[in-house]
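Written out below as structure tokens is the structure these notes cover.
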Amino acid sequence: MRLPTGQVTFLLTDIEGSTRLWESHPEEMILALEQHDRIAIHAIQQYDGTIIKSRGEGDSLFAVFSDPLKATFAAAQFQMSLLQAAWPPALAIIKVRVALHTGMATLREGDYFGPTVNRCARLRAIAHGGQILISSTTAQKIESNLPEGFSLVHLGTLALRDIYTPEPIYQLVAPGLPTQFPMLPTSSPPDAIKGYLPTLLTSFIGREKELKQLEQLLNRTRLLTLSGSGGCGKTRLAIEFAERLQAEFSDGIWFIELASIADPSFIPHAVANALGVAALPIYPSAQEAILEHLKSQRVLLLLDNCEHLIEAAAQFANTLLHTCPYLKIVATSREPLNITGEVTFRVPSLSLPQNDDIGLPERLIESEAVKLFLERAQAVTNDLSLSPENLNYIASICRRLDGIPLAIELAAARCRALSLKDIESHLGDMFQLLSQSPRTSISRHKTLRAALDWSYSPLTPPQKRLLQRLAVFTGGWTLEAAEAICADTDDRSTDAAFLPTYDVLDTLSLLTDRSLVNYDTHADRFSLLEPMRQYSLQLLRQSGEEPMLRERHAQWFTQWVEEAAERIPGPDQEEWFSRLERDNDNLRAVLTQPNVAIELRLRLAIALWRYWLARDQLQEGQDLLQHLLREKEVPSSPLKAKALHVLASLACKQGNYDIAEYAIRESLQLSLQHNDLLAAAHARVVEGEIAHARGDYDAAFTRFAAAYETLKNFDSRIGMAEALQGLGDSALSRNECPSARAYYMEALEIRRTLKDQRGIANLLHALGNVALFLGKYAEAAKQYQESIEMRERFQDRKGIAASLNNLGGVALLNSDYAQAEAFCRRSLTLRQQIGDKRGIAFSLLTLGHIAREKGDLEEALDYSEQSVQLFQQLGNRVNAATALCDCSLTLIRLNELSQAAAILHEVVDSCREISSHFLCLLVIETAAELAAAQKNYALAAQLLGAYDQHASLLEMPIPPIRKSAQEQLRAQLNATLGSEPFQQALESGHQIATQSLFEQIRTL
């Protein structure tokens, strides 16, 4: 039996629940298995497949096909025949899992091994009985050829056990086959971050009874909502509860603050950011990315402050819970989400002292409310005496405030200026409204309002006006922002509430002293507690000033960010990035506020471009820009051209090249229509980046060069530096090291003049690449290390990962495999965390090199195949071909020569279409080793001669590990052929033309 080699399609099956069936019905199973095998053999042979052998427990089958479409038809015929067959009554029906995957076959001693088989087996393991699962590789090959009635359903991109990159998985739909199955289980991605809960600066008081109740409730529900009025302590209780559950959720507990989100559609982005989930092109939305990420994870999400987004939050939670079987959610909201399965826990007030405790200090101090008051009061004054009289006043205050934490904290803050007796006496007027409320009213709602009214009513008119206007901020503000946005700008000196700019500081200080406004001395920022912000916002709306304040807020922040964008390339760029990060909630509020002019929001998004790049917020930036450009008809203006330029840049950095190409094409066209040559030049830089990322280095060089000339004419130094670095990258990819170094040095000089630390770090890394290509490994390592040290200062995770990977490459070339692997694994972890798909592919490629040199050939092949798949998904033909060449070389070492040759032929075909001297050199070197392994010694020697000729043209030294392998091969050929024939073959190789060389390689 001649088994197919090269690229084949594997079909693996397994009977669902077979162990149980064998135990309960052994005699019936013997008959059933015989029928199962007859059906399988008939279906597989009908479509030209070959059964290799059983896999696993003896009731699973393993077949191979040369044609993936025939394998698909065989799988469908097999499942249909199983449905139609008559089974022993005791068994009802036999359900079988089926998986199909296409890849390079590793054939050894009449059987297949290696990563392709492993991936198919992992795919089969997660299928349900009666289901046919298909990998993305197979799906791409068959989808356009499926007949009517057949289709593929994308089930998502799932992590498979021991597989480093998630696998897009499809289900085959065929006439007569069931289509509905349970969700697929997955394995957790490696190196996942295990949760986030905020660190709180004040101690947690009491609530032990409530914590036990919450634990009991969460044991019988997957959605637990802590409800209650603002200020009752929902968030604080939820965080403390979550802290105590850390050991129960192996994949982490995640806190997501929703208060800063105005647009309900951005709830998924807040959750995705918290989880560290980077949306990939295969996911149509952030929500889909979250669903895929959480499908098999044991996670607790804490969704905080849902009330202003109640409908969207309820729909989002409902979708998550229906899709992710191991997920639980704890929500805080002023009202329940009202979805099926929800259990609501109304957060009670703190425990209060009883009337008969008066005069008994030790009993009063046991009350949770009193404990809270004492701790907060002692934080603002050192003069608080715990006399029986004072404790009685505190007990009275706590009882009259109904044990509401926020009201108690506000009252305790008054201890800075008032005695306990005065605080207690002032509560009388405040509770007049409550004494007249209907019996059916929920008193705690009104007592909180009363507490806030009590804090607000003593204020002067200007203080009230400022507190109202401060509600326009989300997440805090600076004094500069408050003065610009909240002060009265016209002359209304006769207005009792008139608030001139020069009074804002003093008024803000008074509000801070009264604990109505919080001040962070470290960040030099002010903020409102969320309940107070909501209270103030209601007053602002009643005043009719909200539209004016929203407009001022948007105008000021847009202008501020535009000023920051002008300064970001300079020496203070990291400080500016930090300032922008602190105001991220305000910026998001402007961008997602539909009542703000679209032009203003586009200006803000454009100015945030480099911030999004620096803070790995590429997907959010891309989604916001796409949302803005779709929201309303944006005029074909230079502003739209710039917005499309930023969109293209963000999409390109994520590997979303189709979006990037469309956006930059539109941007360039608009810029030229408006004769904006500078904007057009910047657009051509992005065009060059896209072409380079796709492996078209000649086109990239041409676009960077054209852009540079225009940018130079405009003296746009930042643009010049970017174009020069692009020219250097393109030249290096074309193995033009001296030119690359010259371009990099010129760009570095500009960056240093600008004091642009990020740009300098990027260019040090690039110069390390040049040194690496030239064989100057110590110099390369020094440049990479210096780049990492700079990047760590501003937390450039993407850049750090790139330099770590290349440090691993240096260690590999120096034969230090342990250090090489350590560097590359750190790089891979970082790249997985930020979703850098192109970077992941490079890390896997380097890890494959390391594994091969260590002799771990199966592992090396697995890494290389995963790298090939990622590069192909990204459309990067050069790097995909390089990774395929690696697969071929590893297969040679595995003595799988026919498969190695088949892959090498595929790479040769790519070389005919791709201009890459380095790839050509790699192909020749691999072909020489393959020819020698096939005992075609004369051709091997001739290929080495061709290698010498091409290497001399590139002026690239051979790395030590490759040089050693080549010397061994040359010695072997010299001994086998004899010295003179060997030399003649080498010289013959010097003369052979490239195309003739490719033809000879294809004969292997």
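Residue numbers (our numbering): 10 to 1013. The beta-carbon is built from N, C-alpha and C at its ideal position, and this holds for glycine as well.
Under 8 Å between C-beta atoms, does residue i make it to chain C?
| i | result |
| --- | --- |
| Asn127 | Absence of chain C from the displayed structure is noted, only one protein chain being present. |
Could you tell me the alpha carbon to alpha carbon distance between residue i and residue j, rounded to whole angstroms?
| i | j | result |
| --- | --- | --- |
| Thr22 | Leu837 | 33 Å |
| Leu648 | Lys846 | 30 Å |
| Asp57 | Thr111 | 16 Å |
| Ile121 | Gly884 | Rather than Ile, the amino acid found at residue 121 in this sequence is Tyr. Straight-line Cα distance between these residues: approximately 29 Å. |
| Leu906 | Asp918 | 18 Å |
| Ala84 | Arg133 | 13 Å |
| Val356 | Glu795 | 53 Å |
| Pro334 | Leu233 | 15 Å |
| Leu1006 | Leu948 | 10 Å |
| Ser446 | His331 | For Ser446, the predicted structure reports a pLDDT of 30, less than 50, and the residue's modelled location is therefore unreliable. A value from the coordinates is still provided. If I take the Cα positions, the gap works out to 42 Å. |
| Glu301 | Ala281 | 11 Å |
| Leu91 | Thr125 | 27 Å |
| Pro290 | Ile668 | With a pLDDT of only 49 at Pro290, under 50, the local geometry of the prediction cannot be trusted, and the value read off the model is given with reservation. So the two alpha carbons sit approximately 10 Å from each other. |
| Glu755 | Ile299 | 43 Å |
| Val643 | Gln631 | 17 Å |
| His691 | Cys241 | 53 Å |
| Pro198 | Lys721 | In this prediction, Pro198 has a pLDDT of 48, which is less than 50 and means its spatial position is unreliable; nothing more can be read from the coordinates. |
| Thr530 | Leu537 | 15 Å |
| Ala322 | Pro969 | 59 Å |
| Leu776 | Ala789 | 7 Å |
| Ala41 | Gln140 | 19 Å |
| Asn778 | Asn815 | 8 Å |
| Lys304 | Leu781 | 42 Å |
| Leu169 | Arg131 | 6 Å |
| Gln1000 | Ala994 | 10 Å |
| Asn399 | Glu257 | 44 Å |
Which residues in the same chain have their Cβ closer than 8 Å to the Cβ of residue i, if we skip the five residues on either side of it in sequence?
| i | result |
| --- | --- |
| Gln441 | Residue placement at Gln441 is poorly supported in this model, since its pLDDT is 34, which falls under 50; the coordinates are not used for a value here. |
| Glu996 | Gly954 |
| Glu433 | Tyr402, Ser405, Ile406 and Arg409 |
| Pro77 | Thr18, Leu109, Thr111, Thr147, Lys150 and Ile151 |
Give the C-beta separation of residue i and residue j to the nearest angstrom, bearing in mind that I take them to be a contact with Cβ-Cβ under 8 Å.
| i | j | result |
| --- | --- | --- |
| Ile9 | Leu546 | Nothing can be reported for residue 9, as the shown portion of the chain is limited to 10 through 1013. |
| Val600 | Leu633 | Sequence check: residue 600 is Leu here, not Val. Going by Cβ atoms, the distance from Leu600 to Leu633 rounds to 5 Å, so yes, they are a contact pair. |
| Val339 | Leu309 | 7 Å |
| Ala496 | Leu508 | 6 Å |
| Phe87 | Ala52 | 4 Å |
| Leu235 | Phe325 | Going by Cβ atoms, the distance from Leu235 to Phe325 rounds to 17 Å, so no, they are not a contact pair. |
Less than 7 Å between C-beta atoms, sequence neighbours within five positions excluded: which residues of the same chain meet that for residue i?
| i | result |
| --- | --- |
| Arg542 | Ala480 |
| Ala940 | Leu948, Ala949, Leu952 and Leu1013 |
| Arg761 | Ile769 |
| Tyr826 | Ile859, Glu862 and Lys863 |
| Pro191 | His137 |
| Ala915 | It should be noted that the sequence gives Glu, not Ala, for residue 915. Here the set comprises Leu893. |
| Ile102 | Trp96 |
| Cys661 | Ala669, Val695, Glu698, Ile699 and Ala702 |
| Arg946 | The identity of residue 946 in the sequence shown is Tyr, whereas the question assumes Arg. Result list for Tyr946: Leu982, Thr985 and Leu986, in chain order. |
Suppose the cutoff is 6 Å on Cβ atoms and the five residues either side in sequence are ignored; what does the same chain contact list for residue i look like?
| i | result |
| --- | --- |
| Arg37 | Before going further, note that residue 37 is Glu rather than Arg in the sequence given. Only Pro97, Ala99 and Leu100 meet the Cβ criterion. |
| Leu395 | none |
| Lys337 | Arg231 and Leu309 |
| Phe74 | Thr18, Gly58 and Ala80 |
Legend entry - Length-filtered (4 minimum) alpha helix (DSSP H) runs lying within the stretch 248–330: Correct list: 276–284 and 295–303.
Inset, instruction - Assess, as a yes-or-no matter, whether the stretch 798–806 is touched by the stretch 769–788 under the definition of 3 or more beta carbon pairs within less than 8 Å. - result: Yes, since at least three Cβ pairs between the stretch 769–788 and the stretch 798–806 fall closer than 8 Å, the two stretches touch.
Inset, instruction - Give a yes or no on contact between the stretch 839–851 and the stretch 808–824, applying the rule of three or more CB pairs nearer than 8 Å. - result: They touch, by the three-pair rule.
Inset, instruction - Count the C-beta pairs between the stretch 138–158 and the stretch 181–191 that are closer than 8 Å, then say yes if the count reaches three, no if not. - result: With a cut-off of 8 Å on Cβ pairs, the stretch 138–158 is in contact with the stretch 181–191, counting three or more such pairs.
Inset, instruction - Report yes or no: do the stretch 248–256 and the stretch 415–423 share at least 3 C-beta pairs separated by less than 8 Å? - result: Counting C-beta pairs with one atom in each stretch, the stretch 248–256 and the stretch 415–423 have fewer than three that are closer than 8 Å, which means they do not touch.
Inset, instruction - Taking only runs that begin and end inside the stretch 614–641, name each unbroken alpha helix (DSSP H) of 4 or more residues, in chain order. - result: Assignment of alpha helix (DSSP H) within the stretch 614–641, counting only whole runs of 4 or more residues, yields 618–623 and 627–640 in chain order.
Legend entry - Contact between the stretch 859–876 and the stretch 675–689 (3+ Cβ pairs under 8 Å): Taking a contact to require three or more Cβ pairs closer than 8 Å, the stretch 859–876 and the stretch 675–689 do not qualify as touching.
Inset, instruction - Answer yes if the stretch 587–598 comes into contact with the stretch 505–520, meaning at least three C-beta pairs across the two stretches below 8 Å, and no otherwise. - result: Here the stretch 505–520 makes no contact with the stretch 587–598; the two share fewer than three CB pairs at distances below 8 Å.
Inset, instruction - Can you check the stretch 488–535 for any beta strand (DSSP E) of at least 3 residues that lies completely inside it and give the ranges in chain order? - result: Listed in chain order, they are 527–529.
Legend entry - At least 3 beta-carbon pairs within less than 8 Å: the stretch 268–278 vs the stretch 221–235: Not touching, per the Cβ criterion.
Legend entry - the stretch 675–682 touching the stretch 705–715, judged by at least three CB pairs closer than 8 Å: A contact is defined here as three or more CB-CB pairs under 8 Å, and the stretch 675–682 fails this definition with respect to the stretch 705–715.
Legend entry - Stretch pair the stretch 372–387 + the stretch 263–270: three plus CB contacts closer than 8 Å: They do not touch, by the three-pair rule.
Legend entry - Contiguous beta strand (DSSP E) assignments of at least 3 residues, all confined to the stretch 336–412: When DSSP assignments are scanned along the stretch 336–412, the uninterrupted stretches of beta strand (DSSP E) that are 3 or more residues long and fall wholly within it turn out to be 337–342 and 351–355.
Legend entry - Segments of 3+ residues assigned as beta strand (DSSP E) that fall wholly inside the stretch 881–940: As far as the stretch 881–940 is concerned, it has no whole beta strand (DSSP E) run of at least 3 residues.
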